[in-house]
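Under my numbering, the first residue of the sequence shown carries the number 106, and numbering increases by one thereafter.
Beta carbons are placed, not taken as given, at the ideal position from N, Cα and C, and that holds for glycine.
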Amino acid sequence: MHPIIRLVNRNITISLNPGFLIWQVIFPLIYIFVAGFAYAPLIQHVPFGTKELDYPAFLASGMIGFNIMNSTLVSGIIIWNDRRHGMFEQIMSGPFTRSHYILSNICTIGIIGLVSASLIALVGYPVFFESVEFSIVTIPVIIFGAITGSVLFGSLASIISTRLRSSEGFNVIINTVFLFFAFVSSAFYPAENVPEPLRTAFYLNPLTYLVDVIRAGIFGTITEFVIIEMFVLVGIASILFVIASKLLTKLDF
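And the structure:
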């Protein structure tokens, strides 16, 4: 078996614990079916492109991007735990290289991101099916968002994990950063009517671009602005991936 496949299998095996699966399924369900319908009488219609979405549909599609981001925390957690428990040293003493380690982490977060996106799309489909407009680009756009978003946020989590040694520091920083991304984005509410400077903060947040791209694919509202957002996502993901790779190649035991 190829070394990268062996490491990917190992990463997925240690990641798929009951707590992680519950977090990935139950938490989005609560948001979609509890918060979505609870706020629906207050937020009846949400503008998105040329369409008017009801709030549960808007939220359910946003949760796909949110869950992709959440699932990529696995990358940082794996790297941090490997360093803490001496597994990184053991892996490097086996038939593996740092390149194998880096590529296996990217493959892992890509797989988890795609599975996470598919899972929430299936769960949320009854909520937004009336507004869905499938076209030839729908699936490719969603796959693009899942992979690019996974690489982007997975690389960010990896960068954080390589710079911190204490468990307290790691947990505080990673949770603070991802909490900011979650709530200062268009995942839960539209950015159009948000007052400044909060609106500017929304568009400094890559999760906003990820969510917009996924929504555009689902609801058939791909515009020039969405295409620009796709290029921005690729640019940010590429930069963070290069930084994460360089840090991992220099990672000590």
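Cutoff 7 Å; reference residue i; Cβ partners in own chain excluding five residues on either side
| i | result |
| --- | --- |
| residue 267 | 184, 352, 353, 356 |
| residue 319 | 166, 169, 170, 247, 250 |
| residue 310 | 286, 289, 290 |
| residue 337 | 314 |
| residue 125 | none |
| residue 109 | 205, 208, 209, 212 |
| residue 293 | 164, 167 |
| residue 218 | 173, 176, 177, 251, 252, 254, 255 |
| residue 341 | 257, 311 |
| residue 304 | 296 |
| residue 273 | none |
| residue 262 | 177, 178, 180, 181, 279 |
8 Å contact criterion, which residue i and residue j should meet: CB distance rounded
| i | j | result |
| --- | --- | --- |
| residue 264 | residue 282 | Actually they do not touch by this definition, with Cβ atoms about 10 Å apart. |
| residue 278 | residue 269 | 6 Å |
| residue 224 | residue 130 | 7 Å |
| residue 198 | residue 113 | Not quite, the Cβ-Cβ distance comes to about 19 Å (not below 8 Å), so this is no contact. |
Exposure of residue i, with buried meaning 16 or more beta-carbon neighbours within 10 Å
| i | result |
| --- | --- |
| residue 271 | exposed |
| residue 221 | buried |
| residue 141 | buried |
| residue 345 | buried |
| residue 172 | buried |
| residue 135 | exposed |
| residue 324 | buried |
| residue 302 | exposed |
| residue 143 | exposed |
| residue 116 | buried |
| residue 227 | exposed |
| residue 137 | buried |
| residue 232 | buried |
| residue 151 | buried |
| residue 330 | exposed |
| residue 239 | exposed |
| residue 229 | buried |
| residue 332 | exposed |
| residue 334 | buried |
Residues near residue i in its chain [Cβ-Cβ closer than 6 Å; skip 5 each side]
| i | result |
| --- | --- |
| residue 327 | 321 |
| residue 120 | 179 |
| residue 133 | 168, 172, 225 |
| residue 207 | 350, 353 |
| residue 196 | none |
| residue 182 | none |
Proximal residues to residue i (C-beta, below 8 Å), its chain only, five neighbours per side dropped
| i | result |
| --- | --- |
| residue 139 | none |
| residue 128 | 175 |
| residue 339 | 253 |
| residue 299 | 307 |
| residue 295 | 151, 152, 153, 163 |
| residue 366 | Residue 366 lies beyond the range of the chain shown here (106 to 358); nothing can be said about it. |
### Runs of alpha helix (DSSP H) lying entirely within the segment 219 to 282, each at least 4 residues, in chain order
243 to 268
- Message: Check whether the segment 169 to 182 and the segment 256 to 266 touch, using three or more Cβ-Cβ pairs below 8 Å as the test.
- Response: yes
* Asked: Using 8 Å as the Cβ pair cut-off and three pairs as the minimum, do the segment 190 to 200 and the segment 231 to 250 touch?
  -> no
* To do: Could you name each continuous alpha helix (DSSP H) segment of 4 residues or more that falls completely within the segment 303 to 332, going from the start of the chain to the end?
  => 303 to 307, 311 to 324
The segment 195 to 205 contacting the segment 151 to 164, beta-carbon criterion three pairs below 8 Å = no
Item to complete: Starting from the N-terminal side, write out each stretch of the alpha helix (DSSP H) that is 4 residues or longer and does not extend beyond the segment 125 to 205.
Response: 141 to 144, 160 to 176, 178 to 189, 192 to 197
Query raised in the report: Between the segment 142 to 152 and the segment 210 to 221, do at least 3 Cβ pairs fall closer than 8 Å?
Result: no
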